[in-house]
Amino acid sequence: ALSIIRFRTPIKEPEEVGFIMLVIASSIVCATFNFHFLVILYVLTVLTLCILRGAKAFAGGRGDGMAIVVLGGKDTAAAMQSVEDRVDQHTRNCLLESTSSKGGAVSMQFSFSGLKTSPAALQTEIEQAGDIQSVNIFFNRPGSVV
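Counting from 1, position 32 in the sequence shown corresponds to residue 204 in the numbering used here; the numbering is continuous, with no gaps.
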């Protein structure tokens, strides 16, 4: 079963590998007419997925996306606070994970969940916070986009 994954290049994510393994296991169970094992396999799979989904929600759910904002100019302290307030206003949860500066430019990295507006509206709002050089918004999973 692992040779299927090894030589098939488009499969890269662990979820895809898990799905292929589940399909192979289900096929073997059906071929041997052990349908009670199939029910047990699917019940365990659903329980595992529910536990994983619940654990992410319980941990704070900071995994929907990431925003990277690069500031320039002289008054970066006020602009940083303004950017942080605007991101916090347009998301359910946000966390300033890191900041860095180089050559007069300050880069801020936020993780967020629960985007309340569209990504374009968030980007426009952040750009009005001060001397913004760039705004990049990344989503960790499909379906995070409003």
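Every residue, glycine too, gets a C-beta built ideally from N, C-alpha and C. Model, not experiment: these values are computed from the prediction.
Alpha-carbon to alpha-carbon, residue j and residue i
i, j, result
"tyrosine 214", "leucine 224", "15 Å"
"glycine 226", "leucine 219", "10 Å"
"alanine 251", "isoleucine 200", "60 Å"
"glycine 276", "alanine 249", "12 Å"
"proline 322", "isoleucine 192", "Since the first residue shown for the chain is 173 and the last is 318, residue 322 is missing from the structure and cannot be characterised."
"glycine 190", "alanine 197", "10 Å"
"phenylalanine 209", "glycine 286", "39 Å"
"glutamine 300", "serine 290", "16 Å"
"valine 211", "phenylalanine 205", "12 Å"
"aspartate 247", "glycine 302", "9 Å"
"threonine 296", "glutamine 253", "16 Å"
Residue from the options whose Cα sits closest to the Cα of residue i
i, options, result
"aspartate 257", "Leu219, Asp236, Val211, Phe282", "Phe282"
"leucine 216", "Ser199, Cys202, Leu194, Ala203", "Leu194"
"serine 140", "Glu299, Gly245, Leu267", "Beyond the ends of the chain as shown, which are 173 and 318, falls residue 140; an answer cannot be given."
"lysine 288", "Gln295, Gln305, His262, Ile309", "His262"
"glycine 309", "Asp303, Ala301, Gly302, Met280", "One detail in the question is off: residue 309 reads as isoleucine in this sequence, not glycine. Nearest option by C-alpha distance: Met280."
"isoleucine 240", "Leu268, Leu210, Ala250", "Leu268"
"valine 278", "Gln295, Val255, Val211", "Val255"
"methionine 238", "Glu299, Cys266, Ile298", "Cys266"
"arginine 264", "Val307, Gln253, Ser270, Leu294", "Leu294"
Run of the alpha helix (DSSP H) containing residue i, from where it starts to where it stops
i, result
"valine 261", "The question names valine, but residue 261 is glutamine in the sequence shown. Taken as a continuous stretch (DSSP letters only), the alpha helix (DSSP H) holding glutamine 261 covers 248-262."
"alanine 293", "291-299"
For residue i, three-class secondary structure by DSSP
i, result
"alanine 197", "helix"
"valine 318", "Any answer about valine 318 is weak, because its pLDDT of 48 lies below 50 and its placement is not dependable; what the coordinates show is given next. DSSP places valine 318 in coil when its eight states are reduced to three."
"glutamate 269", "strand"
"glycine 162", "In the structure displayed, the chain extends from 173 to 318; residue 162 sits before or after that span and is not available."
"glycine 286", "strand"
"glycine 190", "helix"
Presumed contact (8 Å Cβ cut-off) between residue i and residue j, rounded CB distance
i, j, result
"aspartate 345", "phenylalanine 311", "There is no way to answer for residue 345, as the model of the chain reaches only from 173 to 318."
"isoleucine 298", "leucine 243", "The Cβ separation is near 10 Å, so there is no contact."
Terminal residues of the beta strand (DSSP E) in which residue i lies
i, result
"asparagine 308", "304-311"
"phenylalanine 205", "Careful: phenylalanine 205 lies outside any beta strand (DSSP E) and carries neither H nor E."
"glycine 244", "Element bounds for glycine 244: n/a, residue is neither H nor E."
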